[in-house]
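Participant:
In the numbering used here, the protein residues as written are 32 to 601.
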């Protein structure tokens, strides 16, 4: 007798699948008619740090920390004034502010350039950009220029770099920038920054280098220098982090022209200038932006800061007490970011939004909490100071000087002057980004290939003087002119009263000639003492056989989030 059709196993299985499909459709229809509110699960907060446990048993009033480990956290496009402990009205950085409350903070840490590799190299060499020779993305640090990580290696430290800022961690000539490769051979900052490191690991574009937590837990018993450079804040603003939290700082009910943009990245932000969003390739077409639009962009930057801050909280909490009691913790900004104060969103100039940062130090041998140093210190002072405090030999021929006494007393020199260079011009790197308009590239290539040009400036606690030595070239190559058809015209000199005008909106050089004249002479003397900035194209170097792991070429991280192509340069 033939078996019933419904008793055949393959038919039974098919019927069962059909039933499941019908049930699934019913569930979907029921859900649409009767929506169920899902519980929003807040991300777990980082374990609170018991800061009292951070002190060594012999901690006292001095800052000497001979033999201490060093954990350095470098934040790209860091705006300290967007933190509540600097007067900001949003809870963007509770963990970093916790570090401020329990450490020594230098409120006016002035860096020397507005592009990531140029600025960070000044910090690691103790030299101004022209003095170190590292003046562009195509620079290679000369072998005869001493370098901080090499000093740490010579001092017996296990030296490790973990970073998500591809501007210093990679060979950019091989980087895929959102399917738009950088086209100039020799854009290889990683070749110079990798010097002196036992391991030099690019953790993934703009991600959170969570490998650092695991590394500290596994290697914290060793004598180490761990450098973590985070590109996470970088545009596209707020792209990293929990999507469910991304709107937490948004303006209420925001429905502006940017609301439907999928990314606040280079393609969008590079076409916003002086309150208008310009159509790519057609500067005659634009739409005005409202105050709410600028607030929306700022809110996404703030979310990025909140995301980075949460990671830093996890990092601090993960350090075992016995490791923290022998570890000097340093957190600083590499450079800042203009968030609309001067008509653009990004880092294009040397206003305080881009060169005024902060430095936070927690020294296990120095029993000090909540100390705020108002007097400014320079980025080139950082390396001399750290080597001094660690009891290691000083780097020769630095422009910077140790501020250990300021660190110890909490009092600096109110007359201290900081210097910086706007070098190279912003257009120098973006003309090498694949997919850029050929009309723009062809117009600027010859002018910018001829030599490295830029402006200079100095800053005191009250006054800021800028010397626009590149104003003629900038007028010819300006990206903003290409985007908007608006000419960029600058006076040779700009003077700002930072007490009355902290965002540098009003040039008072004509009104305060008495102040300007003395500052001009000081800045001109500094300029004349600088070596000429020369362009050096870096070509890939052959790796010698048997070379150590950190030959200058970055390693790839094994972290799951270590994927993603670079979206844009500095």
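Every residue gets a Cβ at the ideal spot worked out from N, C-alpha and C, and that includes glycine.
(1) Please report the residue range of the beta strand (DSSP E) in which residue 452 lies.
(2) Write down every uninterrupted run of the alpha helix (DSSP H) in the stretch 402-436 whose length is 4 residues or greater and which is fully enclosed by it, in chain order.
(3) Which word fits residue 132, buried or exposed, when buried means at least 16 other C-beta atoms lie within 10 angstroms of its C-beta?
(4) Would you give the residue range spanned by the alpha helix (DSSP H) that residue 389 belongs to?
(5) Along the alpha helix (DSSP H) that carries residue 315, what are the first and last residues, could you check?
(6) So, with DSSP's three-state summary, where would you put residue 266?
(7) How is residue 327 classed by DSSP in three states: helix, strand or coil?
(8) Would you mind reading off the limits of the beta strand (DSSP E) that contains residue 105?
(9) Closest to residue 339 by CA distance: which of 283, 277, 373, 489 is it?
(10) Which class does residue 304 belong to by DSSP, given the choice of helix, strand or coil?
(11) Any idea what DSSP makes of residue 613, helix, strand or coil?
(12) The beta strand (DSSP E) with residue 194 in it runs from where to where?
(13) State the CB to CB distance for the pair residue 540 and residue 526, rounded to an integer number of angstroms; the pair is presumed to be in contact (CB under 8 Å).
(14) For residue 410, which of 305, 160, 282 has the nearest alpha-carbon?
(15) Nearest-angstrom Cα distance between residue 448 and residue 141?
(16) Which ranges would you report for the alpha helix (DSSP H) in the stretch 532-563 if only whole runs of at least 4 residues count?
(17) Please report the straight-line C-alpha distance between residue 403 and residue 438, rounded to a whole angstrom.
(18) Looking at the secondary structure, which residues open and close the alpha helix (DSSP H) in which residue 350 lies?
(19) Just to confirm my understanding: we take residue 444, look at its own chain, exclude 5 residues before and 5 after, and list those with CB closer than 7 Å. What are they?
(20) What residue range does the beta strand (DSSP E) around residue 258 cover?
(21) From the DSSP output, which residues share a beta bridge with residue 285?
(22) Measure how close the beta-carbons of residue 156 and residue 414 come, nearest whole angstrom, since I'm counting them as under 8 Å.
(23) For residue 369, does the count of other Cβ atoms within 10 angstroms reach 16, so buried, or fall short, so exposed?
(24) Counting only the same chain and skipping the five closest in sequence on each side, list residues whose C-beta sits under 8 Å from that of residue 153.
(25) For the candidate residues 344, 466, 395, whose alpha-carbon lies nearest to that of residue 129?
(26) Bridge partners for residue 494 per DSSP, in chain order?
Facilitator: Once the coordinates are examined:
(1) Position 421 of the chain shown, counted from the start, is the residue given in the question as residue 452. Counting along the chain, the beta strand (DSSP E) containing residue 452 begins and ends at 449-453.
(2) 413-421
(3) Within the chain shown, numbered from 1, the residue matching residue 132 stands at position 101. Exposed.
(4) Locating residue 389 in the chain shown gives position 358, counting from the first residue. From DSSP, residue 389 is part of no alpha helix (DSSP H) but of the beta strand (DSSP E) over 387-393.
(5) Here residue 315 refers to the residue found at position 284 of the chain shown. Unbroken run through residue 315 is the beta strand (DSSP E), 313-319; no alpha helix (DSSP H).
(6) Counting from one through the chain shown, the residue named residue 266 turns up at place 235. Correct three-state label for residue 266: coil.
(7) Position 296 of the chain shown, counted from the start, is the residue given in the question as residue 327. Of the three classes helix, strand and coil, the one that applies to residue 327 here is helix, per DSSP.
(8) Start at 1 with the first residue of the chain shown, and residue 105 comes out as number 74. Counting along the chain, the beta strand (DSSP E) containing residue 105 begins and ends at 100-106.
(9) In the chain shown, counting from the first residue as 1, residue 339 sits at position 308. Nearest of 283, 277, 373, 489 to residue 339, Cα basis: 277.
(10) Residue mapping note: residue 304 aligns to position 273 of the chain shown, counting from 1. Strand at residue 304.
(11) Because the chain here runs from 32 to 601, residue 613 falls outside it and cannot be looked at.
(12) Stepping through the chain shown from its first residue, residue 194 is reached at position 163. From DSSP, the beta strand (DSSP E) with residue 194 extends over 189-194.
(13) Here residue 540 is taken as the residue at index 509 of the chain shown, counted from 1. Here residue 526 is taken as the residue at index 495 of the chain shown, counted from 1. 4 Å between Cβ atoms; contact.
(14) Here residue 410 refers to the residue found at position 379 when the chain shown is read from its first residue. Looking at the Cα atoms, 160 is the closest of the given residues.
(15) The residue given as residue 448 occupies position 417 in the chain shown. The residue given as residue 141 occupies position 110 in the chain shown. The alpha-carbon atoms of residue 448 and residue 141 are separated by roughly 10 Å.
(16) 544-560
(17) The residue you call residue 403 lines up with position 372 of the chain shown. The residue you call residue 438 lines up with position 407 of the chain shown. For residue 403 and residue 438, the distance between alpha carbons rounds to 10 Å.
(18) As a first step, residue 350 must be located in the chain shown, where it is residue number 319. Taken as a continuous stretch (DSSP letters only), residue 350 belongs to no alpha helix (DSSP H), as it is neither H nor E.
(19) Against the chain shown, residue 444 aligns to sequence position 413. Around residue 444: 406.
(20) If you number the chain shown from 1, residue 258 lands on position 227. Per DSSP, residue 258 belongs to the beta strand (DSSP E) from 255-261.
(21) Within the chain shown, residue 285 is the residue found at index 254, counting from 1. Residue 285 is not bridged to any residue.
(22) The residue you call residue 156 lines up with position 125 of the chain shown. The residue you call residue 414 lines up with position 383 of the chain shown. Indeed they touch by this definition, with Cβ atoms about 7 Å apart.
(23) Indexing the chain shown from 1 puts residue 369 at position 338. Per the 10 Å Cβ criterion, buried.
(24) As a position in the chain shown, residue 153 is number 122, starting the count at 1. Closer than 8 Å at the Cβ level, and outside the excluded window around residue 153, lie 142, 143, 144, 159, 160, 163, 165, 410, 411.
(25) Indexing the chain shown from 1 puts residue 129 at position 98. Considering only alpha carbons, the answer is 344.
(26) If you number the chain shown from 1, residue 494 lands on position 463. Residue 494 pairs with 528.
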